[in-house]
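Chains as they are written, first to last, in my numbering: chain R, 175 to 576; chain P, 175 to 576. C-beta: ideal position from N, C-alpha, C; glycine also. Working notes for the structure below.
2 protein chains.
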Amino acid sequence: MLVVQKYGGTSVGTLERIENVAKRVAIARDEGKDLVIVVSAMSGETNKLIEYAHNFSKNPSKREMDMLLSSGERVTAALLAIALNEMGYKTVALTGRQAGIVTDNTHTYARIETINTNRLKKEIESGNIVIVAGFQGINKDGEITTLGRGGSDLSAVALAGALNADACEIYSDVDGVYTTDPRIEPKAKKLDFVSYDEMLELSSLGAKVLQNRSVELAKKMGVKIVAKSSFSDNEGTVISEAKGDNMEEVLVRGVALDRNQARVSLRGVDDHPGVAAEIFSKLADNNINVDMIIQNASNDGKTNLGFTVPQNEIEQAKEVINSFQGDVEGADYDESVAKVSIVGVGMKSHSGVAATAFTALAKNNINIEMISTSEIKVSMIIDEKFSELAVRVLHETYGLDK
Amino acid sequence: MLVVQKYGGTSVGTLERIENVAKRVAIARDEGKDLVIVVSAMSGETNKLIEYAHNFSKNPSKREMDMLLSSGERVTAALLAIALNEMGYKTVALTGRQAGIVTDNTHTYARIETINTNRLKKEIESGNIVIVAGFQGINKDGEITTLGRGGSDLSAVALAGALNADACEIYSDVDGVYTTDPRIEPKAKKLDFVSYDEMLELSSLGAKVLQNRSVELAKKMGVKIVAKSSFSDNEGTVISEAKGDNMEEVLVRGVALDRNQARVSLRGVDDHPGVAAEIFSKLADNNINVDMIIQNASNDGKTNLGFTVPQNEIEQAKEVINSFQGDVEGADYDESVAKVSIVGVGMKSHSGVAATAFTALAKNNINIEMISTSEIKVSMIIDEKFSELAVRVLHETYGLDK
Chain R
175 MLVVQKYGGT SVGTLERIEN VAKRVAIARD EGKDLVIVVS AMSGETNKLI
225 EYAHNFSKNP SKREMDMLLS SGERVTAALL AIALNEMGYK TVALTGRQAG
275 IVTDNTHTYA RIETINTNRL KKEIESGNIV IVAGFQGINK DGEITTLGRG
325 GSDLSAVALA GALNADACEI YSDVDGVYTT DPRIEPKAKK LDFVSYDEML
375 ELSSLGAKVL QNRSVELAKK MGVKIVAKSS FSDNEGTVIS EAKGDNMEEV
425 LVRGVALDRN QARVSLRGVD DHPGVAAEIF SKLADNNINV DMIIQNASND
475 GKTNLGFTVP QNEIEQAKEV INSFQGDVEG ADYDESVAKV SIVGVGMKSH
525 SGVAATAFTA LAKNNINIEM ISTSEIKVSM IIDEKFSELA VRVLHETYGL
575 DK
Chain P
175 MLVVQKYGGT SVGTLERIEN VAKRVAIARD EGKDLVIVVS AMSGETNKLI
225 EYAHNFSKNP SKREMDMLLS SGERVTAALL AIALNEMGYK TVALTGRQAG
275 IVTDNTHTYA RIETINTNRL KKEIESGNIV IVAGFQGINK DGEITTLGRG
325 GSDLSAVALA GALNADACEI YSDVDGVYTT DPRIEPKAKK LDFVSYDEML
375 ELSSLGAKVL QNRSVELAKK MGVKIVAKSS FSDNEGTVIS EAKGDNMEEV
425 LVRGVALDRN QARVSLRGVD DHPGVAAEIF SKLADNNINV DMIIQNASND
475 GKTNLGFTVP QNEIEQAKEV INSFQGDVEG ADYDESVAKV SIVGVGMKSH
525 SGVAATAFTA LAKNNINIEM ISTSEIKVSM IIDEKFSELA VRVLHETYGL
575 DK
């Protein structure tokens, strides 16, 4: 049985915690598992290095940033290997390059292209526990690249996929995926299982256990992820394909909240082809991240267009909108809204799931400003001040605390 | 004109100092020089990482130590490149691997085998200042290796040799090589020039400006070294081949002191072939570093044998000697002696240079316990408490303060 384990920055944040991780790895080894362990930099290290670089330049060369930032994971990898060797376990630490991780040329945000598993397989076969420095690879020219924030998750999933591992365990300081944020709703329950698609929604909507790119890759490669805490022995949450049985159940898996939303509503937008496209292109050109988009049916050649952006990008969005004065009759902004979403596979095929949410919020005098639905979620934009209340109401409405 | 510059840990010890180094490099660039800059880890970093490793293991895997320790130089290299880029200078940072430094397999103390200069030349030709992470390379299997303490000096000299550079400037917090340690003799003078051989003696005898392996390599490859301070604009000391003129002069270049010496004197050692060899082999097997060795002419099949070892290895040395009881009549130890040496090319060919030293010490009631001479030095073992006095007396005797 081959298992890839990934330990995040908090899990390896001190020497004591690295020792703790070594003990966990040793236990898994004693159970007879073949192991590939992916590690992040000790928490704080990457930020420290970024700060150092910004001391010299607001916009440091990305190639050099990659050389700089890739050092932290190497330190952790080497230390963990040293700790395990000392405990009597044959262990070898590999850099991204040595682990065969080849990426494209996009420094600081590289995408993995291939993994050459020869060395990894050789090390596993020779009885080594293999520690891999996460977050990094090299491109075809031998330049060091990094995979962007949270990139160690991606390293772990990609390695698990390439090695056809039985599972990819992602360790952090949270013991799994919850029905909602426990800081908002103490009755939130840890989920035993969540599908890739649900996880993608929960993750982008605020559940910070797993990086989205990793979940997408896991889905693509069919890697079973287990999200666990490195500080407890709790079971964790399995993330994999939706199980057949559940597909037909009405199932709200969780309630997600994103407070960092501002709403833009455009009235009387010229409904000839291309206007909406032009607006969104210009927003994209200005690096404004548009999230939810809603367009109502056209009326007399005019349409209403609504969308949300991160709160700190609203001023820039206003500027872009102002440049479209001729094409837009009026614009209305709400700078402090929140998006609350219910997520669950099979939701769409059961009428009434969304209605239940609307009714519950209405009963609590929470006005819904925008609604967007997909196969597996219903998202509602509400006044930010009702955020916590809305989460608790929906959590109870769907019986998630049971 | 191609110059290799190397900046040590103290010179890049803080962000401010890295900025300072960037300015120095920029000045050299403005003078039209092609530049390869070798950097050490920020001072304290390597020791911190070693401490981390020793937290887990008294004897950590050397392969993993190399992955661990090579990270510090990469950080400095990337930061310096970022600083120079920001100042408008085209700069690229390279790891040891990317700089083409190929070593043997001796982890933590690797020897450079070849340097593949293709990448380096390409970067120089394309107008880049090239920053190289010192102290590291890879072996033929692609494993990261390090060159041992002070290895960045070695990187710099090897690169200068391989690229046929016009000079290799080694920057530290000392502005050159002195006639003796200025902390002992404030009248010590900085030397404008010192030959490779003299430097080798001065270095192993306590002058800590340059690592010995680097000087040996510079001699072998004919690399002209300039030892300078990164904190001043002083001229520094040139280290190269002895100049023809000086060969015939009586010239004492400097006085060196090594306090870390303990003396072992063996009386009545059986003078049949192999006994001395056996003793020294067994000392070597026990990792005891024997420095000075003196054997007197044989007398009635017995000989007297004297040698020195580092003070912290004397107890081990005693154990070894005790195992030779049958072959040795008596042993005498002095655990606190010092070695004071006068160094200078051409010394040997002028009788009287050594005698002058003996006379000067005698006048000051300093007893000489052992004497050893080579082509370019005379070393004397004396009671440690006379160390400073001996240095000052000899410094004055040879007029080094003038």
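Between which two residues does the alpha helix (DSSP H) containing residue i stretch?
| i | result |
| --- | --- |
| M241/R | 236-260 |
| Y226/P | 219-230 |
| A531/R | 527-537 |
| A564/P | 561-571 |
Run through chain P and tell me which residues come within less than 8 Å of residue i, C-beta to C-beta.
| i | result |
| --- | --- |
| L242/R | R248, V249, A252, L253, I256 |
| Y226/R | L189, V249, L253 |
| S231/R | I256, A257, N259, E260 |
Which stretch, first to last residue, makes up the beta strand (DSSP E) that contains residue i?
| i | result |
| --- | --- |
| R433/P | 428-444 |
Name the chain R residues whose beta carbon is nearer than 7 Å to that of residue i?
| i | result |
| --- | --- |
| Q272/P | G316 |
| T319/P | Chain R residues near T319/P: none, gap ~13 Å exceeds 7 Å. |
Can you find a C-beta in chain R that's less than 8 Å from the C-beta of residue i?
| i | result |
| --- | --- |
| L189/P | yes |
| A215/P | no |
| L294/P | no |
| L333/P | no |
Which residues of chain R have a Cβ atom closer than 9 Å to the Cβ of residue i, listed in chain order?
| i | result |
| --- | --- |
| F481/P | Neighbours of F481/P on chain R: none; closest Cβ ~36 Å, over 9 Å. |
| A267/P | S235, R237, E238, M241, L242 |
| E193/P | N229, F230 |
Give the secondary structure of residue i by DSSP, where H, G and I count as helix, E and B as strand, and everything else as coil.
| i | result |
| --- | --- |
| K120/R | Outside the shown range of chain R, which is 175 to 576, sits residue 120/R, and nothing can be said about it. |
| L321/R | coil |
| S546/P | strand |
| L176/P | strand |
Below 8 Å on C-beta distance, what does residue i contact in chain R?
| i | result |
| --- | --- |
| P234/P | I256, N259, E260 |
| L223/P | V249 |
Any beta carbon from chain P within less than 8 Å of residue i's own beta carbon?
| i | result |
| --- | --- |
| E493/R | no |
| E219/R | no |
| S300/R | no |
Along chain P, in chain order, which residues have C-beta atoms closer than 7 Å to that of residue i?
| i | result |
| --- | --- |
| S326/R | Going along chain P, no residue has its Cβ under 7 Å from S326/R, so there is no contact; the nearest lies around 16 Å. |
| L245/R | Looking at the sequence provided, one finds Ser at residue 245/R rather than Leu. Those are S245, R248, V249, listed as they occur along chain P. |
**OP:** Jot down the residue ranges of each uninterrupted beta strand (DSSP E) in the region 446-523 of chain R, minimum 3 residues, whole runs only, in chain order.
**Re:** For the beta strand (DSSP E) assignment, the uninterrupted runs of no fewer than 3 residues enclosed by the region 446-523 of chain R are, from N- to C-terminal side, 467-469, 476-483, 502-517.
Original post:
Which parts of the region 340-411 of chain P are runs of the beta strand (DSSP E), unbroken and 3 residues or longer, counting only runs that do not cross its ends?
Top reply: Entirely contained in the region 340-411 of chain P, the beta strand (DSSP E) runs reaching 3 residues are, in chain order, 341-346, 367-369, 399-403.
Subject >> Segments of 4+ residues assigned as alpha helix (DSSP H) that fall wholly inside the region 182-214 of chain P >> reply: Whole alpha helix (DSSP H) segments, 4+ residues: 189-204.
Original post:
Enumerated in chain order, which unbroken segments of the alpha helix (DSSP H) with a length of 4 residues or greater are wholly contained in the region 262-334 of chain P?
Top reply: Scanning the region 262-334 of chain P from its first residue to its last, the whole alpha helix (DSSP H) runs of 4-plus residues come out as 292-299.
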